[in-house]
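In the working numbering, the protein residues as written are 178 to 316. What follows is a single structure, written as structure tokens, with notes after it.
Take a look at the structure:
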């Protein structure tokens, strides 16, 4: 058996309704903690380390991405959203994964105007993602 609090979090995550690819208006929680716990081999210490690293890394990646967009550097932009997409997979954040994938394709096709238009949605998702990671650290 898992720790009772973790079991409750997993049950809550598993009962969530599927969210749209780019928006999270109906579902206040992005992170699927059962996916994250599984990805961490059901090890609380590993999960805590991944939460901490992701909490620190996502805002940095966002700043680097903004710089790449300003410079018109589609290769760097593609690499950065690919890295972000991996973080989304680690935590089962489906809306984030979908948006990063779309942006990765846009960068690959040098559609930087469309890519830049998606930045506000990505920024909002990162903000919520980091907020949930911080909340996890405090619990």
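Beta carbons are placed, not taken as given, at the ideal position from N, Cα and C, and that holds for glycine. On a predicted model such as this, the values are computed, not experimentally measured, just so you know.
When burial is assigned at 16 or more other CB atoms within 10 Å of the CB, is residue i buried or exposed?
i	result
residue 283	buried
residue 245	buried
residue 265	buried
residue 262	buried
Quick one: what does DSSP say residue i is sitting in, helix, strand or coil?
i	result
residue 217	coil
residue 316	coil
residue 288	coil
residue 258	helix
residue 265	helix
residue 223	helix
residue 236	helix
residue 206	coil
residue 270	coil
Does the distance from the C-beta atom of residue i to that of residue j stay below 7 Å?
i	j	result
residue 313	residue 227	no
residue 213	residue 273	no
residue 242	residue 257	yes
residue 305	residue 235	no
residue 285	residue 240	no
residue 259	residue 281	yes
Whole-angstrom Cβ separation of residue i and residue j, contact assumed at under 8 Å?
i	j	result
residue 310	residue 231	6 Å
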